[in-house]
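Down below is the structure, laid out as structure tokens.
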Amino acid sequence: MLNIPYGRQSIDQADIDAVVEVLKSDFLTQGPAVERLEKACRDACGAPFAVACNSATSALHIAYGSLGVGPGDVVWTSPITFVATSNAALYCGADVDFVDIDPRTYNLCPNALEEKLKSAKKLPKVVTPVHLTGQPCDMKAIRALSQNYGFKVVEDASHAVGARYEDEKTGQCTFSDACVFSFHPVKIVTTGEGGIITTQDPELAAKMARFRTHGITRDPALMQETNPGGWYYEQIELGYNYRITDLQAALGVSQFSKLEGFVKRRHEIANRYVEKLSGTGIGLPYQLPGTYNAYHLFVIQVENRREAFAAMRAAGVHVNVHYIPVYWQPYYQRFGFEKGYCPRAEAYYERAISIPMYADLTDEMQDQVIEVVKKSCGVAMSV
Ligand SMILES: *Cc1c(COP(=O)(O)O)cnc(C)c1O
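All residue numbers in the sequence shown are consecutive under our numbering, ending with 1312.
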């Protein structure tokens, strides 16, 4: 029987050696490897600043908090995302609201955003587009609205390390204030647990670095006391312990060196899926012109999702669904959201299945997956 997950990490000997080397070094956390990870990320995406931390959830909290999101504010995002995108706004004491998706890209729809902004009683402090599956959102349109309506833009690029939007690399922040990546093992590059925020704004970067470590600074220019000695530091804001370890950061540096190859392999897999599944009646992904997908996920759309999903799982192909609309969650229902709020997101969700997509998936395994997918969807569709 097959046993193929929808996503998983690729770890080689160089990754293992990098972690072992840290174990033998002087620093296990917040040492030189963290700086090397931040540099690797800056080099990969062309942003001048990067702040690494222990998860993308923390990264979102750091970004929102450092942009001043707090009680009385509202953050808008797509309902088709992992709950972390909106939970991080709740951590700040803010409210959240949802903008419906573009039915072709499954990403937050700029037209729906504009309509919602026009009639909003309260404008959002931050809008968080999510680059679902690794396909960049229409960032120019979202940036234009942010300039007109005065909100900040935080990209949730957890799926999109290695993606491109026109001439810019995702994470470059040409059309946003900050961009968040996740290094969870199912994502494109991994640190076990980990995340990072990139920005072009030096003040925001310094603020985010303080937020990561209790709001503490050692910068004399920011202190009240003139430096009484080498031990001295001041806590000037309320921050958290969101530090990433050097063990994780060293793994991340090694992973970043393979980023291009990982994404290239994901494209080969995507192209083969498209080639072998077109004309079967299975809905395949649409690509926004001018964008380069990082292909964290490969999502198909099927009529009878429930049966197709069960058949694939039963055959050992461990498909998944990304995502249940966030406001359907019982915890979010208490805020008064009702089913039907974002009809296009709900229609997408009802048909979505993520089939296996990761760099180590071989052609042979993929052929087995394709057979199972065809059979499962065929059975499902004739019901
Ligand atoms: C994975 C993911 C997150 C959270 O990432 P962690 O690193 O696990 O905290 C947030 N948003 C999206 C869209 C994700 O896919």
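Ideal placement from N, C-alpha and C gives every residue a C-beta, glycine not left out. Here the structure is a predicted model, which means the values were calculated and not measured.
query, result
"Ligand 1 heavy atom lying under 6 Å from the CB of F1011", "yes"
"CA-to-CA distance, D1002 to L1052, given in whole angstroms", "9 Å"
"At least three beta-carbon pairs within less than 8 Å, the segment 986-993 to the segment 1228-1241", "no"
"H1060 beta carbon near ligand 1 (any heavy atom closer than 6 Å)", "no"
"Nearest to C982 (by Cα), restricted to the options P1000, V963, G999 and G997", "V963"
"Extent of the continuous beta strand (DSSP E) run through V1003", "V1003 to T1006"
"Sheet register partners of F1110 (DSSP bridge)", "I1125"
"Heavy atom of ligand 1 within 6 Å of A1017 beta-carbon", "no"
"Proximity below 7 Å, CB of I1030 to CB of R1242", "no"
"Proximal residues to F1080 (C-beta, below 7 Å), its chain only, five neighbours per side dropped", "L1052, P1053, K1054, V1055 and V1056"
"C-alpha distance - P934 paired with V1248, whole-angstrom precision", "7 Å"
"Euclidean distance between Cα positions of S1293 and N1233", "The sequence shown places Glu at residue 1293, rather than the Ser named in the question. So the alpha carbons of these two residues sit roughly 27 Å apart."
"Buried/exposed call for M906, threshold 16 Cβ in 10 Å", "Look at the range of the chain in this structure, 930 to 1312, and you will see that residue 906 is not part of it."
"heavy atom of ligand 2 below 6 Å from T1014 C-beta", "Absence of ligand 2 is noted for the structure shown, with ligand 1 being the only ligands found."
"Alpha carbon of D1024 to alpha carbon of A1018, nearest angstrom", "7 Å"
"Nonlocal neighbours in the same chain, by C-beta distance under 6 Å from S1183, ignoring five residues either side", "A943, D944 and A947"
"Euclidean distance between Cα positions of H1088 and E1122", "14 Å"
"Three-way DSSP call (helix, strand, coil) for V1302 in this model", "helix"
"Own chain partners of V1192 with C-beta closer than 6 Å, once the 5 adjacent residues on each side are dropped", "G1091 and A1223"
"Whole-angstrom distance between C1038 and Y1161, CA atom to CA atom", "49 Å"
"Bounding residues of the alpha helix (DSSP H) (the contiguous stretch that carries T1057)", "Where T1057 is concerned, there is no enclosing alpha helix (DSSP H), although the beta strand (DSSP E) it sits in stretches over V1055 to T1057."
"Sheet register partners of I1282 (DSSP bridge)", "I1229"
"Check: A985 C-beta below 6 Å from any heavy atom of ligand 1", "yes"
"Among G1181, K1303, T958 and L1290, the one whose alpha carbon lies nearest that of V1231", "K1303"
"Buried versus exposed, by CB contacts within 10 Å (16 or more), L957", "exposed"
"DSSP three-state assignment for C982, whether helix, strand or coil", "strand"
"Distance cut-off 6 Å: S1087 Cβ against heavy atoms of ligand 1", "yes"
"Continuous beta strand (DSSP E) assignments of at least 3 residues falling wholly in the segment 993-1050", "1003-1006 and 1024-1027"
"Whole-number beta carbon distance between V1301 and V1246, since they are thought to touch under 8 Å", "5 Å"
"Buried or exposed (CB count within 10 angstroms, at least 16 for buried), T1155", "exposed"
"Beta-carbon proximity of V1083 to S1007, cut-off 7 Å", "no"
"Status (buried if at least 16 other CB within 10 Å, exposed otherwise) for F1264", "exposed"
"R1172 - DSSP class collapsed to helix/strand/coil", "coil"
"Counterpart residues of N1249 in DSSP-defined beta bridges", "S1283"
"Buried or exposed by the 16-neighbour rule on C-beta atoms within 10 Å, applied to V1067", "For the record, residue 1067 in the displayed sequence is Asp; it is not Val. Classification of D1067: buried, given that the 10 Å Cβ count is 16 or more."
"Simplified DSSP state of P977, which is helix, strand or coil", "coil"
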